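**Student:** Quick note on the working numbering: the sequence shown kicks off at 3 and runs consecutively.
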Amino acid sequence: MNKAESLPVAKRARAPLAPGPKGNPILGVMADFSRDTFGFIERCRDYGDVVRMRFLYLTAYFLYHPDDIEYVVSTNAKNFIKSRNQRSPLFQRLVGHGLLTSEGEVWKRQRRLAQPAFHRHRINAYAETMTDYAQRTISTWREGDIRDIHRDMMRLTLEIVVKTLFNSDVSADADKVGRVLSRIVAPFAGQATLKWIMDNRLPTTTHRLFNQDAREIDLIIYRIINERRRSGRDEGDLLSMLLKAHDEDGIHMNDKQLRDEVMTIFLAGHETTALTLSWAWYLLAQDPETEKKFHAELVEVLGGRLPTMEDLSRLQYTEMIARECMRLYPPAYALGREAVKECEIGGFRVPAGTQVFMFQWVTQRDARFFTQPERFYPERWTEDFSNSLPKYAYFPFGGGPRACIGNYFAMMEIVLLLATIGQRFRFSLLPDHPVMLMPAMSLRPRDGIRVAVEQRRDSN
Ligand code: HEM
Numbered sequence: 003m004n005k006a007e008s009l010p011v012a013k014r015a016r017a018p019l020a021p022g023p024k025g026n027p028i029l030g031v032m033a034d035f036s037r038d039t040f041g042f043i044e045r046c047r048d049y050g051d052v053v054r055m056r057f058l059y060l061t062a063y064f065l066y067h068p069d070d071i072e073y074v075v076s077t078n079a080k081n082f083i084k085s086r087n088q089r090s091p092l093f094q095r096l097v098g099h100g101l102l103t104s105e106g107e108v109w110k111r112q113r114r115l116a117q118p119a120f121h122r123h124r125i126n127a128y129a130e131t132m133t134d135y136a137q138r139t140i141s142t143w144r145e146g147d148i149r150d151i152h153r154d155m156m157r158l159t160l161e162i163v164v165k166t167l168f169n170s171d172v173s174a175d176a177d178k179v180g181r182v183l184s185r186i187v188a189p190f191a192g193q194a195t196l197k198w199i200m201d202n203r204l205p206t207t208t209h210r211l212f213n214q215d216a217r218e219i220d221l222i223i224y225r226i227i228n229e230r231r232r233s234g235r236d237e238g239d240l241l242s243m244l245l246k247a248h249d250e251d252g253i254h255m256n257d258k259q260l261r262d263e264v265m266t267i268f269l270a271g272h273e274t275t276a277l278t279l280s281w282a283w284y285l286l287a288q289d290p291e292t293e294k295k296f297h298a299e300l301v302e303v304l305g306g307r308l309p310t311m312e313d314l315s316r317l318q319y320t321e322m323i324a325r326e327c328m329r330l331y332p333p334a335y336a337l338g339r340e341a342v343k344e345c346e347i348g349g350f351r352v353p354a355g356t357q358v359f360m361f362q363w364v365t366q367r368d369a370r371f372f373t374q375p376e377r378f379y380p381e382r383w384t385e386d387f388s389n390s391l392p393k394y395a396y397f398p399f400g401g402g403p404r405a406c407i408g409n410y411f412a413m414m415e416i417v418l419l420l421a422t423i424g425q426r427f428r429f430s431l432l433p434d435h436p437v438m439l440m441p442a443m444s445l446r447p448r449d450g451i452r453v454a455v456e457q458r459r460d461s462n
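1. Does any heavy atom of the ligand HEM sit closer than 6 Å to the C-beta of residue 320?
2. Evaluate residue 83 with the Cβ neighbour count: other Cβ atoms within 10 Å of its Cβ, from every protein chain shown; 16 or more gives buried, anything less gives exposed.
3. Any idea if residue 158 is buried or exposed, counting beta-carbon neighbours within 10 angstroms, 16 or more meaning buried?
4. Return the CA-CA distance between residue 227 and residue 260, expressed in angstroms with no decimal places.
5. If the criterion is Cβ atoms closer than 7 Å, does the pair residue 320 and residue 453 meet it?
6. Tell me the rounded alpha-carbon separation between residue 216 and residue 399.
7. Indicate whether the contact test is met: 3 or more Cβ pairs, each with one atom in the stretch 250 to 265 and one in the stretch 283 to 303, closer than 8 Å.
8. Taking the alpha-carbon positions, what's the residue 211 to residue 116 distance?
9. Beta carbon of residue 23: closer than 6 Å to some heavy atom of the ligand HEM?
10. Would you please state the rounded distance, in angstroms, between the beta carbons of residue 362 and residue 397? I believe it to be under 8 Å.
11. Does DSSP classify residue 51 as helix, strand or coil?
12. Could you compute how far the alpha carbon of residue 333 sits from the alpha carbon of residue 236?
13. Ordered along the chain, which non-local residues of its own chain (more than five positions away) have a Cβ less than 6 Å from that of residue 271?
14. Would you call residue 267 buried or exposed, if buried means 16 or more other Cβ atoms sit within 10 Å of its Cβ?
15. Which complete alpha helix (DSSP H) runs does the stretch 38 to 83 hold, if anything under 4 residues is left out?
16. Among 286, 16, 58, which has the Cα closest to the Cα of residue 27?
17. Give every residue of the same chain whose Cβ lies closer than 6 Å to the Cβ of residue 460, excluding the five residues on either side of it in the sequence, and list them in chain order.
18. Cβ of residue 106 within 6 Å of any heavy atom in the ligand HEM?
19. Ignoring anything shorter than 3 residues, give me the beta strand (DSSP E) runs that lie fully in the stretch 377 to 453, in order along the chain.
20. Excluding the five sequence neighbours on either side, which residues of its own chain have a C-beta within less than 7 Å of the C-beta of residue 111, listed in chain order?
21. Tell me where the alpha helix (DSSP H) around residue 261 begins and ends.
22. Using beta-carbon positions only, say whether residue 65 and residue 360 come within less than 7 Å of one another.
23. Taking the straight line between their C-alpha atoms, what separation do you get for residue 50 and residue 62?
24. Which whole-angstrom value is the C-beta distance of residue 381 and residue 438, which I expect to be below 8 Å?
25. Name, in chain order, the residues that DSSP records as bridge partners for residue 457.
26. Helix, strand or coil for residue 339, going by three-state DSSP, please let me know.
27. Since residue 150 sits in a beta bridge, which residues does DSSP pair it with?
28. According to DSSP, is residue 291 helix, strand or coil?
29. DSSP state of residue 297, grouped into three classes?
30. The alpha helix (DSSP H) spanning residue 97 covers which residue range?
31. Relative to the ligand HEM, is the shortest distance from any of its heavy atoms to the C-beta of residue 406 smaller than 6 Å?
Given below as structure tokens:
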């Protein structure tokens, strides 16, 4: 027997728990987080790239390093489910077992069935709808108008998602669906993500109205599904694709699954896009140099006509603007997961049941990966720079198996709408209307973005 074999096997020391703020003996860090969400998540980084804390009775880890983020959302994704706040009863009432919230085999099947609806050639067919609706929106705008550009972008992307989901020309209910749906997401808008843990069961008036609206919307969606099933027509919209989809055994989605996916797509696909556009106008209004280059590209590529699918590959600077906006103002500013089994991240032990949060807001402004991180600088997005960046230093659409299914849809919509609107108008911020951040379910401007409209005279 050699010496090494004769020694008892040393028990591997368990990794330590990560350091972090202690907070209040009862609430943990809940109050600090709610009071100043962004200040708090930025300050926590002083503890390191992996930080531990407690929200009431829940242990949470914040991860700031791209490698650790990759481990959770991609390489070890199997060990994580969506975080507790995304499983709140209120949210579940809205999106059921749709793609955003389902897990395991149910999610896998739904993702496989929904994938063809998001195929590029199918999405490309919506380009004209997008530019037509944008054109219609701006047709009433006049020089000197004062507008809330955020509200305008919300309305526009709402119309587009309703049209691409239900083909509103054939469904008289589409307008109503849009109205009720936008009301229904209101309770989520006023709450920072983690606060849902606390008050999602309270019988408030907002919640009662929410349930009423949810019932109304269910009735409408089920009726549209039934009508469509009876007619059997392919309307070219997302609903037709979802109805057509079936697995290897020929089994289609049932009505409840269809309803859940429709609600999910609406919820995930409309506000995020509107926010990117709103923040883009906000940033452009403050940066004449970038705006000049943006306008020059529009003149060169479009010369005054509406953009089409074929123009997308040439609207490169516009696309860089979109990317840079999502770096500085990521509509989804956080990803949340829960560890199923104990694991180790960045040398620290993460017990089962821990809530793990990763913040686009912080990592995408990290000076280790972005020079002059606070600067709006679309030029940074060269191919070389993109390729050299650690994969999860920039993740506005998440990543791994649960990455955004609407990524291509969103980028196409953002570039087409920026080009259509930017060709005709520019915007100035109003000095007496400060723009305030509101980290709700997504990153909103709290009181909108008030602008003065200026007609461009040099667009062709
Ligand atoms: C700028 C616009 C958008 C942004 C920033 C965005 C961001 C995201 C992010 C970060 C996730 C991953 C969430 C997680 O991992 O927990 C996600 C998932 C998702 N997004 Fe988007 N999204 C956008 C537009 C869209 C659009 C236009 C649609 C549909 C038309 C859409 C549909 C979805 C769906 C269905 C999921 C769940 C995918 C799954 O878990 O399988 N999104 N999105």
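Where a beta carbon is used, it is the ideal one built from N, C-alpha and C, also for glycine. Please read all numbers here as calculations on a predicted model, not as lab measurements.
**Tutor:** With the structure as the only source:
1. no
2. Around the beta carbon of residue 83, 16 or more other beta carbons sit within 10 angstroms, so the residue counts as buried.
3. buried
4. 8 Å
5. no
6. 27 Å
7. no
8. 31 Å
9. no
10. Indeed they touch by this definition, with Cβ atoms about 6 Å apart.
11. The answer is coil: DSSP assigns residue 51 none of H, G, I, E or B.
12. 32 Å
13. 163, 408
14. buried
15. 39 to 45, 68 to 72
16. 58
17. none
18. Not under cutoff, so the answer is no.
19. 427 to 431, 439 to 441, 445 to 447
20. 249
21. 257 to 287
22. Yes. Within cutoff.
23. 15 Å
24. 28 Å between Cβ atoms; not a contact.
25. 427
26. Residue 339 falls in the strand class under three-state DSSP.
27. Bridge partners of residue 150: 452.
28. helix
29. helix
30. 91 to 97
31. yes
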